[in-house]
Every structure is written in structure tokens, then in C-alpha cells.
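J.:
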Amino acid sequence: MRHVRSIRRLALILAHLSKGATLALYIGLLSRLGRRPPPVAAMTRRWQRRLCEILGIRIHVRGCVQPGCLLIGNHISWLDIPVVGAHGEIAFLSKAEVRDWPLIGWLAETAGTLFVERGAIRIDEIAGMLRKIGGEQTLMLFPEGTTSDGSGVLRFHPRLFALAQETGLRIQPVAIAYRGHPEEMPDNVAPFIGDDTLLAHLLRVIRHPGLTAEVHFLPPVAIDDDNNTRRLLAERTRTAIVEALGMQPDAVPQRSLGARPEPPPGVIADPTPGRPESIPTGGMAHVV
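Remember, our numbering sits 8 above the position in the sequence shown when you count from 1.
(1) Between Leu177, Arg215, Pro181 and Arg16, which lies nearest to cysteine 72 when the distance is taken from Cα to Cα?
(2) What are the partner residues of alanine 185, as DSSP defines its beta bridges?
(3) Let me know the secondary structure DSSP gives methionine 51 once reduced to three states.
(4) Keeping to the same chain, check which residues put their C-beta closer than 6 angstroms to that of isoleucine 65; ignore five residues upstream and five downstream.
(5) For the ligand FAD, any of its heavy atoms closer than 8 angstroms to the Cβ of arginine 13?
(6) Excluding the 5 residues flanking aspartate 132 on each side, which residues of the same chain have their C-beta closer than 8 angstroms to its C-beta?
(7) Under a Cβ-count criterion, where at least 16 other Cβ atoms within 10 Å of its own Cβ denotes burial, should aspartate 232 be classed as buried or exposed?
(8) Quick check: phenylalanine 123 and isoleucine 80, are their CB atoms within less than 9 angstroms of each other?
(9) Please state if the CB of alanine 172 and the CB of leucine 78 are separated by a distance shorter than 9 angstroms.
(10) Looking at the structure shown, is leucine 78 part of a helix, part of a strand, or coil, going by DSSP?
(11) If we require 4 or more residues per run, which alpha helix (DSSP H) segments fall completely within the stretch 159 to 184?
(12) Are three or more beta carbon pairs between the stretch 92 to 100 and the stretch 47 to 65 nearer than 8 angstroms?
In C-alpha cells:
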């Protein structure tokens with residue numbers, strides 16, 4: 009019975025990817041002809057929601073996306089993208105290389121993913137992109153800069169918090185967790201870390217009998233006189249997520265290979281330019 013379910017899910021995923029490619033072709037054709045494309049953000053949201061349904065992921069949500077906010081979340085897996093994206097018209101930030109990936113990069117770009125060059129975080133450029141999509145989508149960042157196993161939250165790199173200062177947006181923390189059973193937290197299948205590959209991880213998720221995702225859209229963090237530096241914003245946003253997940257602030261999770269060692273307690277260093285983890289990316293940056 010389990011094998012039948014897995015085969016059915018795989019067939020449905022292939023069909024769903026084909027549907028996404030067909031929609032992307034249609035949107036691209038309309039754009040080239042100078043015609044108004046359909047509401048891409050709403051279509052992307054529905055596509056991501058259906059992907060979660062096919063994978064059998066039950067999603068428990070608390071709160072909702074607040075207008076005029078920049079979403080900041082902890083990062084566990086590529087699954088974070090459809091799990092969060094299914095509950096709002098949300099764009100994600102990714103490294104530029106993803107744009108060149110077969111099929112995935114094309115679908116991500118069509119869906120509204122914003123791309124930045126590795127090691128070249130230009131706040132003014134990203135702010136311009138954000139203003140361009142501001143009327144249609146909300147932007148989400150993952151400032152840990154890499155995925156982890158979900159047993160803790162890595163330090164947040166402060167650099168991209170300047171984006172909130174530049175645009176005047178509030179920061180809305182988003183806490184993400186996965187479990188397989190009520191007593192199991194965190195789940196050991198959902199994390200996409202180490203030398204894992206997309207196909208291997210996808211097959212494990214397909215075989216999972218009951219994956220549950222929890223998403224907490226927390227109250228926004230305002231920029232005021234007591235909370236006006238990117239370092240403070242990074243610390244307080246991370247603290248809000250850690251507390252919502254019921255974790256110890258100093259818990260050190262396992263992370264993807266190649267990530268930098270943690271800075272000393274109380275110190276949040278800016279990422280080193282040129283390193284893959286120096287760009288806090290939307291989940292598709294960790295797909296392969």
C-alpha cells in the first residue's frame with residue numbers, strides 16, 4: 009500500500025511540473041506579444057498549495073501575512089518555499105545561478121523569484137526589485153544563509169535587514185518547523201542538508217507517511233528608536249522565531265555542508281563575500 013501511494017505521488021508530481029511548465033510557456037508567450045499576463049502571483053500560490061497536497065504535507069498555520077512587511081524566516085528545506093508560498097502571494101530571494109538551472113530556474117523566475125549575484129548584495133538593487141513587485145507580492149528572505157536540520161536557528165546575517173530600513177517596511181518573522189508525529193519534533197526527513205540531492209530528498213518526502221509543517225506568521229517587528237540597527241533587527245527577529253518554536257537560543261543545529269562556523273555568542277558577523285552562504289537565499293537556491 010505504501011509503494012502504491014509513493015508511485016501515485018510521483019506520477020502526480022510529474023504531471024504537476026508539466027502543468028507548471030505549460031503555464032510558464034503561456035505567460036512567457038503573452039509577455040512577448042505585449043499582452044497582459046494572468047495574475048502570476050495568485051497562480052503561483054495555487055500551484056504551490058497543490059504541490060503540498062500532492063506530497064501529503066499537512067500545514068498548520070498561525071497568523072497571516074501582514075501588509076507592508078518583509079518576511080524573515082528560518083530555513084530548513086526547499087519545502088519551505090511551497091509551504092509558506094501556499095499561504096500568501098510571496099516572492100523569494102535567490103542567488104543568480106538558480107536562474108540558469110534547467111526547468112527549476114525558469115519556473116522560479118516566471119513565478120517571481122528575485123535573483124542577486126553571489127557575494128554582491130546590493131541593497132539599492134534589491135529594494136528596486138521589491139518596489140517593482142510591491143503591489144503584487146510580499147518578499148521573503150532566509151537570513152541564516154543556509155538550511156539546517158531544524159533543531160535550532162542559526163545566527164541571522166544582518167546585512168539584508170538594511171532592506172527594511174531602505175524601504176520603510178516592517179519585518180514580520182516567520183517560524184517554520186516540521187514533524188512526522190505529534191511527539192516528533194523536529195522531523196528528520198524534511199531537512200535538506202549535507203550533500204543531499206533534490207531527487208533523493210524528494211523520494212524520501214514522497215515515501216513519508218505523514219509529514220506536517222507548522223508555519224507561524226508572528227507579529228511584525230517595527231523599526232523604531234530602540235530597534236533601529238540591522239544588527240538589533242536581526243537579533244530580535246531571530247529571538248522571536250526561536251521563542252515561537254520553543255527552542256533554546258543557543259541551540260546549534262546541523263547545517264548544510266560548506267557553511268561557515270558560528271560566530272562567538274552575541275556576535276552576528278556579516279557574511280563573507282564570495283561564499284555561497286553569503287547570500288541569504290530563497291529555498292530554491294538550496295535545491296541541488
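Here a beta-carbon is modelled for each residue, glycine too, at the ideal position from N, C-alpha and C.
T.: In terms of the structure at hand:
(1) The residue you call residue 72 lines up with position 64 of the sequence shown. Distance check between cysteine 72 and each of Leu177, Arg215, Pro181 and Arg16 places Pro181 closest, using alpha-carbon atoms only.
(2) Within the sequence shown, numbered from 1, the residue matching residue 185 stands at position 177. DSSP output for alanine 185 lists Glu222 as bridge partner(s).
(3) Counting from 1 along the sequence shown, the entry for residue 51 is found at position 43. In this structure, methionine 51 counts as helix in the three-state DSSP scheme.
(4) As a working mapping, residue 65 is identified with position 57 in the sequence shown. Counting only Cβ-Cβ distances below 6 angstroms, and skipping sequence neighbours, we find Leu219 and Ala221.
(5) Inclusion of the ligand FAD in the displayed structure is not the case, the ligand content being empty and no account of it being possible.
(6) Taking the first residue of the sequence shown as position 1, residue 132 is located at position 124. Within the same chain, and ignoring the five residues on either side of aspartate 132 in sequence, the residues whose Cβ sits closer than 8 angstroms to its Cβ are Glu174.
(7) The count along the sequence shown starts at 1 and reaches residue 232 at position 224. The residue is exposed, with fewer than 16 neighbouring Cβ atoms inside 10 Å.
(8) As a first step, residue 123 is located in the sequence shown; it is residue number 115 there, counting from the start. As a first step, residue 80 is located in the sequence shown; it is residue number 72 there, counting from the start. Contact flag unset, no.
(9) The sequence position of residue 78 within the sequence shown is 70, counting from 1. The sequence position of residue 172 within the sequence shown is 164, counting from 1. Result yes, Cβ atoms of leucine 78 and alanine 172 sit closer than 9 angstroms.
(10) Start at 1 with the first residue of the sequence shown, and residue 78 comes out as number 70. Leucine 78 falls in the strand class under three-state DSSP.
(11) 170 to 175
(12) yes
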